[in-house]
Amino acid sequence: MMGRMGTEGENVRVIAGRYRLEARIGRGGMGVVWRATDQLLGRQVAVKELALDDSLSDDEARTQRDRTLREASAVAQLHHPHIIVVHDVVEEAERPYIVMELIDGGSLAERISADGPVDAREAARIGLALLGALRRAHEAGVLHRDLKPANVLMEAGTDRVVLTDFGIAQVAGATTLTESGSFVGSPEYTAPERMSGVRTGPESDLWSLGALLCTVLSGESPFRRDSLGGILHAVVMDEIRPPAQAAPLLPVVRGLLERDPERRLDAVEAERLLRAFLETGRTPRAASAGYTPTQRDVPKRKSPVQQTAHRSPPPVPPPAVAPDRAPKRSARTMLVVAALVAAAAGAGVSAVLLVNHGGGGGGGGTSTPSASSAPGTSVSASHSPSAPAAPGSSASPSAAPTVTVTRQQKPTAASGPAPSGYRTVHDPDGFSLAVPDGFTRDPEGERIFYVSPGQTFRLGIKATDPEAGGPLAVMRRADADGPSTNPGYHDGTVTPTTHDGQPAALWEFTWNGFTKAEGARHTYDLCWEEGGRMYDVWVSAPVGKVTQAKEYFDVALDTFVAP
1 MMGRMGTEGE
11 NVRVIAGRYR
21 LEARIGRGGM
31 GVVWRATDQL
41 LGRQVAVKEL
51 ALDDSLSDDE
61 ARTQRDRTLR
71 EASAVAQLHH
81 PHIIVVHDVV
91 EEAERPYIVM
101 ELIDGGSLAE
111 RISADGPVDA
121 REAARIGLAL
131 LGALRRAHEA
141 GVLHRDLKPA
151 NVLMEAGTDR
161 VVLTDFGIAQ
171 VAGATTLTES
181 GSFVGSPEYT
191 APERMSGVRT
201 GPESDLWSLG
211 ALLCTVLSGE
221 SPFRRDSLGG
231 ILHAVVMDEI
241 RPPAQAAPLL
251 PVVRGLLERD
261 PERRLDAVEA
271 ERLLRAFLET
281 GRTPRAASAG
291 YTPTQRDVPK
301 RKSPVQQTAH
311 RSPPPVPPPA
321 VAPDRAPKRS
331 ARTMLVVAAL
341 VAAAAGAGVS
351 AVLLVNHGGG
361 GGGGGTSTPS
371 ASSAPGTSVS
381 ASHSPSAPAA
391 PGSSASPSAA
401 PTVTVTRQQK
411 PTAASGPAPS
421 GYRTVHDPDG
431 FSLAVPDGFT
441 RDPEGERIFY
451 VSPGQTFRLG
461 IKATDPEAGG
471 PLAVMRRADA
481 DGPSTNPGYH
491 DGTVTPTTHD
501 GQPAALWEFT
511 WNGFTKAEGA
521 RHTYDLCWEE
531 GGRMYDVWVS
541 APVGKVTQAK
551 EYFDVALDTF
561 VAP
């Protein structure tokens, strides 16, 4: 595919009576790429010789070849200026070959390595090209599943962006060779839902694009770690922190790197935002609240105007989760399971998951050093001849290790240790939760604060009677009053979500802060109803300390126990 010079004279041979392989110009997990000559048409082409698993039986190898050829044929039907042109799909000595256009130029990964990161306008141009390519592929039912800088070519002289290497692409609805038991792809660019094996769809390719944009802007993937386990943990568990260079395109990057695929920015909206940036130099907000960026900060706030109290009927919880918070209960368990699946798959085995959802609950929002387990999680593995895959999973039903993950019960007032670096407080008002070591109680009327030394971090809790419209209406009223209650109020967002299965609303905003010396602050605030009461928990911190504030916020919510 690339026009780089390879090793001349190596295994010069002709396949399908037509294509003369002349020099090896690339090698990857899916095979070898050759520069070749199409002797019939007298043109230079790239030929990908696909690797086959020698450990397979004859029947399995034949099935693998058939699937590979079928998928390559599907990709050959894709016609788009930013998708590599597939000229032919042939078989020689029972080995499949894909014949493609030869691009004179290196990969995007090589460009970044040689010249460093690109600016926001160039990143937006590259992103638009890839979005167009992905939309065309997805419309045809083809998924790429390995979008990364190494699989994007930059044509010399024109800077044309070309998406290539659909070698592990999947025709939607079909079982493919890459689902036969090993994890194929690049973990730093792989969506969390694909790691879990629960689902793989167009949304997964869009996650990969979000990671790719971070890489071209900063020179490094936001999920780069020193070990595979660290990468897996970063993708499925850690707080997502786009690089500072992504600020001009932040609504796009954060929208694409939404862990919940149902809330992830879609291709149409991502294209709209990138085009707006190229035209105006500014990226507007995404159209849907589900794509709201969440890396902001929050201050001490006044309580919303009280409305007529009422008892709400038992609510039906919506399925959404708060953006960028590690979901609790079964969703959070899924994330831990995802790391285990990917780790097992990385070792060349398939994994079937049996997850105990009965316990539910989370054990805190802090990161753990290992992708294989987390505080409050027990893991065991055994071999069984056959087990059903998780709903929606593409895992093979053949013999595989069975991984069982059991989460501990959510802590109660009498049980459940606080995470390391925290202590459980049993407040005189009846509730309990884990607060960071060194935080002290500071009541202010109906609001109870736990504050750090110097009041850099302020953790607030308030309990009231339910109000008209429920948590979402309360937060929206608070957002509307934001400019009058918080000087310099801006970037306020209110997102419907759930908390322990109950309707909730997440409010975030930034304001000028208490003093000029300290500067702007950001607040995370969640409101929900439970047991006939309405609870409000928030954390405020300087904008430069939002990562730590988000951890405090997550731990407070995960360990909060109502009276």
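When we follow the UniProt record's numbering, the leftmost residue of the sequence shown carries the number 1, and every step to the right adds one.
Ideal Cβ positions, reconstructed from N, Cα and C, are used throughout, including at glycine.
Because the structure is a prediction, the values reported are computed rather than measured.
Residue i in three-state terms, based on DSSP
| i | result |
| --- | --- |
| S73 | helix |
| K545 | helix |
| S432 | strand |
| L217 | helix |
| V555 | helix |
| V14 | strand |
| P563 | coil |
| A156 | coil |
| A51 | coil |
| D38 | strand |
| R135 | helix |
| T440 | strand |
| F449 | strand |
| F509 | strand |
| K462 | strand |
| M534 | strand |
| A172 | Caution applies to A172, whose pLDDT of 43 falls short of 50 and renders its modelled position unreliable; the value that the coordinates give is listed next. If DSSP states are grouped into helix, strand and coil, A172 belongs with coil. |
| L78 | coil |
| V337 | Note that V337 has pLDDT 40, beneath the 50 cutoff, so the model's placement of it is unreliable and the number below is only indicative. Three-state DSSP puts V337 in a helix. |
| D66 | helix |
| R263 | coil |
| E203 | helix |
| L147 | coil |
| P192 | helix |
Of the residues the options, the one placed nearest residue i, counting alpha carbons only
| i | options | result |
| --- | --- | --- |
| D525 | G519, H426, N512 and A556 | A556 |
| Y19 | E92, D59 and Q77 | E92 |
| S186 | I84, P471, L232 and V14 | L232 |
| L105 | D558, L40, V494 and R35 | Reading off the sequence shown, one finds Gly at residue 105, where the question assumed Leu. Measuring from the Cα of G105, the nearest candidate turns out to be R35. |
| Y189 | V152, G197, S227 and R145 | R145 |
| E239 | G454, G219, P192 and R136 | P192 |
| A137 | V118, P117, A156 and D165 | D165 |
| D159 | A140, I126 and G470 | I126 |
| R241 | P563, A562, K545 and F560 | K545 |
| R264 | S204, L228 and G230 | S204 |
| A72 | I461, H522, D266 and Y97 | Y97 |
| T200 | R259, T280 and T68 | R259 |
| L40 | A480, T493, E269 and H87 | H87 |
| E271 | R194, R135 and P496 | R135 |
| R95 | E269, R65 and D58 | R65 |
| A418 | G197, D554, A246 and L250 | D554 |
| R224 | S57, A473 and K148 | K148 |
Contact check, residue i vs residue j, beta carbons under 8 angstroms
| i | j | result |
| --- | --- | --- |
| L130 | V161 | yes |
| L217 | A123 | yes |
| R121 | M154 | no |
| V252 | L274 | yes |
| V45 | V99 | yes |
| residue 605 | T283 | Lying before the first or after the last residue shown, residue 605 is absent from the chain, which here runs from 1 to 563. |
| V142 | A74 | yes |
| P222 | A211 | yes |
| A549 | C527 | no |
| G255 | A286 | yes |
| A114 | L163 | no |
| S107 | V152 | yes |
| P563 | G430 | yes |
| L78 | A140 | yes |
| P483 | G513 | no |
| residue 564 | R447 | With the chain covering 1 to 563 only, the question about residue 564 has no answer from this structure. |
| L459 | V539 | yes |
| V32 | R24 | yes |
| H426 | S432 | yes |
| P81 | G219 | no |
| P503 | E529 | yes |
| R521 | V494 | no |
| Y552 | P436 | yes |
Contact test: residue i Cβ vs the ligand MN heavy atom, cutoff 7 angstroms
| i | result |
| --- | --- |
| A473 | Ligands displayed in this structure: none; no statement on the ligand MN is therefore possible. |
Let me know the alpha helix (DSSP H) ranges lying completely inside the segment 89 to 129, each 4 residues or longer, listed in chain order.
108 to 115
Answer yes if the segment 505 to 513 comes into contact with the segment 433 to 452, meaning at least three C-beta pairs across the two stretches below 8 angstroms, and no otherwise.
no
Using 8 angstroms as the Cβ pair cut-off and three pairs as the minimum, do the segment 100 to 108 and the segment 50 to 62 touch?
no
contact_flag[the segment 529 to 540, the segment 465 to 472] where n(CB pairs < 8 angstroms) is 3 or more:
yes
At a cut of 8 angstroms, does the segment 482 to 490 reach the segment 449 to 460 through at least three beta carbon pairs?
no
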